[in-house]
Every structure is written in C-alpha cells, then in structure tokens.
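My numbering puts the first residue of the sequence shown at 2, with every later residue one more than the last.
To start, the structure itself, in structure tokens.
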Amino acid sequence: RQHSPRIVHAHGTRSQMVALLAGRVPYVTMHGAGRVDGQGSTGAALRTGARFVASWLAVEAYSAAPAPGRWQTTLHASPRLAGMGAVPESEMSARPTFVWIGRMDSPKRPEVFVEACALAAATHDLRGVMLGGGPRLSEIRELVDRLGAPVEVLGESSDVVENVSAAWAVCLFSGFEGVPFAVQEAMWARRAVVLSPLPSLRWFAGGAAVYAADATSAAVAMTHLSSRDSAIMRGRQAGDRARSLLAEDAPFPQLNAAYAARRSRARRYRSAGG
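Shown next, in the form of structure tokens:
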C-alpha cells in the first residue's frame, strides 16, 4: 500500500495471501511439491485444494513443475548455470563419491543419505560428502559417528562447484521439492543424480535419474553408480535432459514478456476511457 507498485509477484501461496489481504491481486510462483513431514491425508488434500484455488486468485500462476489448475510450468534456473558448463569427467574423484547438498532439516531427510552410505559401504568402497547447515547439523554428525558411515559433513561451504565436479553422483532425498538448484547444477555439470521419486523431480530428471524412496533403495543406487562407466553414462544423460528443459536465464524473459503484456493492456484500457 505504501509503495503502490504496478506489479506484485508473490513467491508461495502464503505471500500471495498477504498480497490479497493488502488489496492487490498478484502474480504468484509456486516452487515446492510433495507432502510435508507429519502431514496426514486430510492435510495433504486441503493443501492440494488450496493450491488449486490459489491459481485462480492470481493474475498469472507459475509453478516450478506441472500442477493442476491455472498453473503454468515455469522453471527458475540456478544463477550458477550461466557460468557453468559440462564438467570434464576427468575431474571425478578417484574413489566413488556421492554428494548431498541441502539444509540439514527434516524436509530434506539428510539421515537417508547417511544411512544409505553406511549400507552401500558394506559392499563397496565409496564415500559421501554433505554440504549445508541447519538445525539438524549436530544430529547428523552424531548419526555418522554412530553408524560408522564413510561420510564427511562439511556444513556450510562455498565449494559447491568443486564438490559437484568431484562427485560420481549428487543425491537428494527430500520429501518436498520443486526443482532445486542443486539438482539443476548437478545435471548441468553432467553428473548423475539419485533423487526421491517426487512428481516434480520425475518430471524434470525423467529417465536420466536414478530414484530412491528410502535408504535401502538409495544404497542400491549408490552401488550401481559406483561403476565409473555407469556414473558417466547417467551423467551424460542428465546433462542432455537438463539442457532440453532449461535455459540459463529462465524464467525472466517469460516473466518480463508477461509483465509487458499486462502493462500494454492497461494502457489500452486507460486510453479507451476505462
């Protein structure tokens, strides 16, 4: 109300509600998909229904993955992609290395990665690396020690690209996601990915990814990708898939075009005496 912007773009349906309460119908972008930990079937149904309705309470509704209603699928590219290319396979570490990137919190399920590394290490010589901070950081380090998992927990780190380059695969076992930057960057770099089977991730990664819903299936995926040839093949598929769906500057050209079209319609309406 104070700034009276011509355009309001809300990221998330909660922000959209704030804009609506302020008397402005916004553009809205939805990034996440899946079920929040601890949420029952009734809560999940209400959440799905609310999101369907939210798409009709917006000028335009954009989603990071296909969604019902008026949601338009619009990917948001990681800012790192513009400076990244395919990373040479020669930069993969000598020892099979699996990298986990994310916030150490319940929705990301970091414990699945640790448990999977411990299971896979029983039959294969491999290591895990975890990047990211959060409220469960100490708990995850204790779990690594308790299981004797070959995992290095780095916490917050600025060496994301370096670790992705060394990886044989990047892993994500979240229960709630859109298309996160970590997955985009790994696939863009032509590294294999092991992902939870969420609809948004299946849509983006397609057949290029290996999917795992729990620690046991994740361990199987890690043992498969401990073959260098398998990791390289999956990485090449991942790179081709990412480039077929994603532009480095997405979604800004599309959004700017939508904003410009709305301004043009408003000018025509004012000129007509509306």
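Even for Gly, the Cβ is constructed at its ideal location relative to N, Cα and C.
- In this structure, GLN73 sits away from ALA55, with a CB-CB distance that is not shorter than 9 Å.
- The Cβ atoms of LEU138 and VAL154 sit closer than 9 Å to each other.
- When C-alpha distances from ALA251 are compared across GLN185, GLU140, LEU76 and PRO181, the shortest belongs to LEU76.
- PRO200 and GLY13 have their C-alpha atoms spaced approximately 18 Å apart.
- Here the alpha carbons of ALA216 and THR49 stand approximately 27 Å from one another.
- When DSSP states are grouped into helix, strand and coil, GLN3 belongs to the coil group.
- Here DSSP, grouped into helix, strand and coil, assigns SER64 to strand.
- For TRP169, no alpha helix (DSSP H) run applies, since DSSP gives it neither H nor E.
- DSSP, reduced to helix, strand and coil, places ILE102 within a strand of the structure shown.
- Judged by DSSP in its simplified three-state form, HIS225 adopts helix.
- Within its own chain, the residues whose Cβ lies closer than 8 Å to the Cβ of GLY134, once the five positions on either side in sequence are excluded, are ARG104, MET105, GLY156 and GLU157, listed in chain order.
- Annotation for THR14: the continuous alpha helix (DSSP H) segment containing it runs 14 to 22.
- Within the same chain, SER166 come within 6 Å of GLU92 by CB-CB distance, once the 5 residues on both sides are set aside.
- Under the DSSP assignment, VAL194 falls in the beta strand (DSSP E) whose first and last residues are 193 to 196.
- For ARG128, the enclosing beta strand (DSSP E) starts and ends at 128 to 132.
- Pairing THR124 with GLN17, the inter-Cα distance amounts to about 50 Å.
- Listed in chain order, the non-local C-beta contacts of TRP189 below 7 Å within the same chain comprise LEU82, MET85, GLY240 and ALA243, local neighbours out to five positions each way being set aside.
- Taking the C-beta atoms as reference points, ALA150 is found nearer than 9 Å to CYS118.
- Selection ALA258, LEU247 and GLU112 evaluated against ALA214 yields GLU112 as nearest (Cα-Cα).
- The beta carbon of ALA220 sits closer than 6 Å to the beta carbons of ALA117, LEU120 and ALA121 from its chain, once the five residues preceding and following it are set aside; these are given in chain order.
- For GLU153, the three-state secondary structure derived from DSSP is strand.
- Rounded to whole angstroms, the separation of the alpha carbons of LYS109 and VAL184 is 13 Å.
- ARG52 and VAL19 have their C-alpha atoms roughly 15 Å apart.
- DSSP places ALA251 outside both helix and strand once states are collapsed to three, so it counts as coil.
- When only Cα atoms are considered, THR224 and ALA168 end up about 14 Å apart.
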